[in-house]
Amino acid sequence: MPTLYLPADSLARAVGADEIATALITQAHERNLPLELQRTSSRGLYWLEPLLEVETPQGRFGFGPLTAADVPSVLEALNNPSAHPLALGLVEELPYLKTQQRLLFARAGITRPLSLDDYRAHGGFEGLQRAVALGGEQTASAVFDSGLRGRGGAAFPAGIKWRTVRGTQAAQKYIVCNADEGDSGTFADRMLMEGDPFLLIEGMAIAGITVGATLGYIYVRSEYPDAVATLRAALNLARSAGYLGANVGGSGQAFDLEVRVGAGAYICGEETALLDSLEGKRGIVRAKPPIPALQGLFGQPTLVHNVLTLASVPLILAKGAQFYRDYGMGRSLGTMPFQLAGNISRGGLVERAFGLTLRELLEDYGGGTASGRPMKAAQVGGPLGTWVPPSQFDTPLDYEAFAAMGAMLGHGGVVVADDSLDMAQMARFAMQFCAEESCGKCTPCRIGSTRGVEVIDRLLASPDQSGRDQQALILKDLCDTMQYGSLCALGGMAPFPVVSALKYFPADFGLQASEAEQ
Amino acid sequence: MPDELLHLPVVNSLLERHKGSPGALLPILHDIQERIGYIPDAAVPEIAHALNQSQAEIRGVISFYHDFRTAPPAKHILRLCRAESCKSRGAEQLAAQLRDRLQLDDHGSSADGSISLRPVYCLGACACSPALELDGKVHARLSAERLDALLDACREDA
Chain A
1 MPTLYLPADS LARAVGADEI ATALITQAHE RNLPLELQRT SSRGLYWLEP
51 LLEVETPQGR FGFGPLTAAD VPSVLEALNN PSAHPLALGL VEELPYLKTQ
101 QRLLFARAGI TRPLSLDDYR AHGGFEGLQR AVALGGEQTA SAVFDSGLRG
151 RGGAAFPAGI KWRTVRGTQA AQKYIVCNAD EGDSGTFADR MLMEGDPFLL
201 IEGMAIAGIT VGATLGYIYV RSEYPDAVAT LRAALNLARS AGYLGANVGG
251 SGQAFDLEVR VGAGAYICGE ETALLDSLEG KRGIVRAKPP IPALQGLFGQ
301 PTLVHNVLTL ASVPLILAKG AQFYRDYGMG RSLGTMPFQL AGNISRGGLV
351 ERAFGLTLRE LLEDYGGGTA SGRPMKAAQV GGPLGTWVPP SQFDTPLDYE
401 AFAAMGAMLG HGGVVVADDS LDMAQMARFA MQFCAEESCG KCTPCRIGST
451 RGVEVIDRLL ASPDQSGRDQ QALILKDLCD TMQYGSLCAL GGMAPFPVVS
501 ALKYFPADFG LQASEAEQ
Chain B
1001 MPDELLHLPV VNSLLERHKG SPGALLPILH DIQERIGYIP DAAVPEIAHA
1051 LNQSQAEIRG VISFYHDFRT APPAKHILRL CRAESCKSRG AEQLAAQLRD
1101 RLQLDDHGSS ADGSISLRPV YCLGACACSP ALELDGKVHA RLSAERLDAL
1151 LDACREDA
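From first to last, the protein sequence lines are chains A and B. The numbers in this note's numbering rise by one with no breaks, and the one at position 506 of the first sequence is 506. Each number in this note's numbering comes from the position in the second sequence (counting from 1) with 1000 added on.
See the structure below:
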């Protein structure tokens, strides 16, 4: 009986995977063709989704991107798959996948998200076992020594947070997973939660027993209903199997988890606003200090990490800190799941060690724009990220290299634009988005973003050069105030896309290059 | 509104279920909206009482978050993604198509209550932009033709 694999990932479903599954089952039944269809996670090769794979003696053979209309011909081709026009060959031999360094997404596209057996068969819970054997002190040291930095965007060394929370005495400590992945162009957290939920649970359980927290929350944005449902089901399975509860993995320590759902506020991806939201309040940013590691959720010491940071921990424990450090460059160690989005021919997830260049990512993996027109810019790091022009595409993807050119890697999302996109309108959108999503606590962000939209509108409406130059000067001054005067990264970095658009694409604003460079 | 009072047994049973858990307000509001379709005004004093908070605090939270509605929703809710990735693949042209065809602005609801438009900033479908969510289901790799087909299906259903 042939075994077929088709992703149950929400984006695969959004391009028709469920219709294909239904057609496969119905038509195989009509033909008296026995087959097993497993709904797995996605490989993250989204330009090939819906991607159907069939087990062969050589490995899994792929077809894609399919539509339901292709199902009859695929069923006929199962015995001679290479003959099908949408045949891709062995999926793991596809250069896009073969050249990746998949540590965090090692199981992507292979396992069924809610199968504990699949998870364990592919190295699952080895990290937790190791952490239980090592004890808290050495586990925290392993995280510290691995060089792991926060993957949410700020890139703070994870080990320092772990030691701080572990070293603080309190009646109650918490682990909070920031799964409020609101940046446009990012989807790695979604993929991981939908596709490999036990990995996140394992990472959080290790964190809990290491720092002495007995309770954790996963705060997932409401735009990800599939991730919420998968995580909740996975929590029940993990609890029944003893990986959560009174005696986590035989450690003698208690740890349990709850999924909480956001409500459409981008600012709740900022860690202190997220904590307020978890407490049942408006998501308002808190002033720091106190840092959440000392006074976080309900005023108690709280370890707050992004999904990918927590999910990196099981591997670091299972394989050792040195194994992880061997990937990457400088102070950016390990791998990063980059996400290719926007106007890109081959959009998807590319997990590689830090250090490959943006050009390699966009050209070798991405294959250029989807429209076939020239690339104009790539916005790296979400809506608060800099628009990077092609002249800087040879910059290595490394936290420090990006910071040096006034940009940031953020959560690893890259949105590509072709030459038809108007950067003045994108700059205006950055300000408009900030105005809509500002929590309102600090003035530069609350007022500045609205003024920013107005100034850009005036600039674009100015009939003469001197009027435009004058507004550009005001806009740059406003951006400066927002960047240095805002309480958190929303107001502080919303100027990045604006200033970079002004600097690299002055013509879109009707400005001359020399003026814009001032 | 007397008909809102009919929702109170549902509200109170949800409050009973959640009120012991710390920071329960968002889960309570989500559950109320899921069961009733929106947060009835009559629920606010009940929630405030159960959580020992002021009505102003509850209303402040409801109004802060984009997801919470204080009026019954339209039959179909269409949320077109307007963030950078989808914009780079023509989301603004699709938005114009929607406005033209439905004669609604970006946040509008049709007079007959059949469809509501709302912008959304990222559905996590960025590798296959542009995308929208219709009644909770995401559709990606949208084209003008597919958008029209989805709207036709809504209209036939209305």
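Think of the CB as a built atom: it goes at the ideal place given N, C-alpha and C, for glycine as much as any other residue. Predicted model, so just to flag it, every value in this text is computed and none were measured.
Around the beta carbon of Pro314/A, 16 or more other beta carbons lie within 10 angstroms, which makes this residue buried.
The beta-carbon of Tyr1065/B is placed less than 8 Å from the nearest beta-carbon of chain A.
Nearest CB-CB separation between Pro225/A and chain B: below the 8 Å threshold. For Leu11/A, the three-state secondary structure derived from DSSP is helix. Around Leu1014/B, the same chain offers Ile1028, Asp1031, Ile1032, Arg1035 as residues with beta carbons nearer than 8 Å, after the five sequence neighbours per side are excluded.
Chain A has no Cβ within less than 8 Å of the Cβ of Pro1009/B. Between Tyr96/A and Tyr365/A, the beta carbon gap of about 6 Å places them in contact (Cβ cut-off 8 Å).
Contact check for Gly348/A and Leu340/A: beta-carbon distance about 6 Å, within the 8 Å limit, so the pair qualifies. Exposed is the label assigned to Lys98/A, since fewer than 16 other Cβ atoms lie within 10 Å of its Cβ. In its chain, beyond the 5 residues on either side, Asn343, Ile344, Ser345, Met375, Val416, Asp418 have a beta carbon closer than 7 Å to the beta carbon of Thr369/A.
Residues of the region 1140–1158 of chain B with a Cβ closer than 9 Å to any Cβ of chain A, in chain order: Ala1140, Arg1141. For Pro1022/B, the nearest CB of chain A lies under 8 Å from its own CB, placing it at the interface with that chain. Asn306/A sits buried, since 16 or more C-beta atoms from the chains shown fall within 10 Å of its C-beta. Taking 7 Å as the cut-off between beta carbons, the residues of the region 372–389 of chain A near chain B are Gln379, Pro383, in sequence order. Gln379/A carries a strand assignment under DSSP once its states are collapsed to helix, strand and coil. Taking Ser1085/B as reference, the option from Ser391/A, Ala404/A, Gly382/A with the minimal CA-CA separation is Gly382/A. Between the beta-carbon of Ala108/A and that of Ser10/A there is about 14 Å, and that puts the pair past the 8 Å contact cut. Taking C-beta atoms under 8 Å as the contact rule, Ala1091/B and Arg1082/B qualify, at a distance of about 6 Å. Beyond the five residues adjoining it in sequence on each side, Leu88/A comes within less than 8 Å, by CB distance, of Leu48, Leu51, Phe61, Gly62, Phe63, Gly64, Leu94 in the same chain, given in chain order. When beta bridges are read from the DSSP output, Gln38/A appears opposite Tyr5/A. Counted as a single uninterrupted DSSP element, the stretch harbouring Val350/A is not any alpha helix (DSSP H) but the beta strand (DSSP E) occupying residues 348–353. In the structure shown, Thr111/A adopts coil according to DSSP, grouped into three states.
With fewer than 16 other beta carbons inside 10 angstroms of its own, Leu1005/B counts as exposed.
With respect to chain A, the C-beta atom of His1076/B has no partner C-beta closer than 8 Å. Close partners of His1107/B in chain A (Cβ separation under 8 Å) are lacking, with about 11 Å as the shortest Cβ gap. Inter-residue distance for Leu490/A and Ser277/A is about 17 Å (C-alpha atoms, whole angstroms).
In terms of Cα proximity to Ala179/A, the closest of His122/A, Cys268/A, Gln172/A, Ala158/A is Cys268/A. Counting the other CB atoms within 10 Å of its CB gives His1076/B a total of 16 or more, which places it among the buried residues.
Relative to the Cα of Ser1143/B, the nearest Cα in the group His1018/B, Asp1112/B, Arg1089/B belongs to Arg1089/B. In this model, Lys288/A and Arg102/A are separated by some 36 Å (Cα to Cα).
With the rule of 3 Cβ pairs closer than 8 Å, the region 387–404 of chain A does not count as touching the region 451–468 of chain A. For Glu1092/B, the enclosing alpha helix (DSSP H) has its first and last residue at 1091–1102.
Taken atom to atom, the span from the alpha-carbon of Ala378/A to that of Val388/A is near 5 Å. Beta-bridge annotation (DSSP): His1049/B is not paired with any residue.
If the five residues before and after Glu437/A are omitted, its C-beta is found closer than 8 Å to the C-beta atoms of Ala265, Tyr266, Ile267, Leu490, all from its own chain and listed in chain order. For Asn343/A, the chain B residues whose Cβ falls inside 7 Å of its Cβ are Ser1088, Arg1089, in order along the chain.
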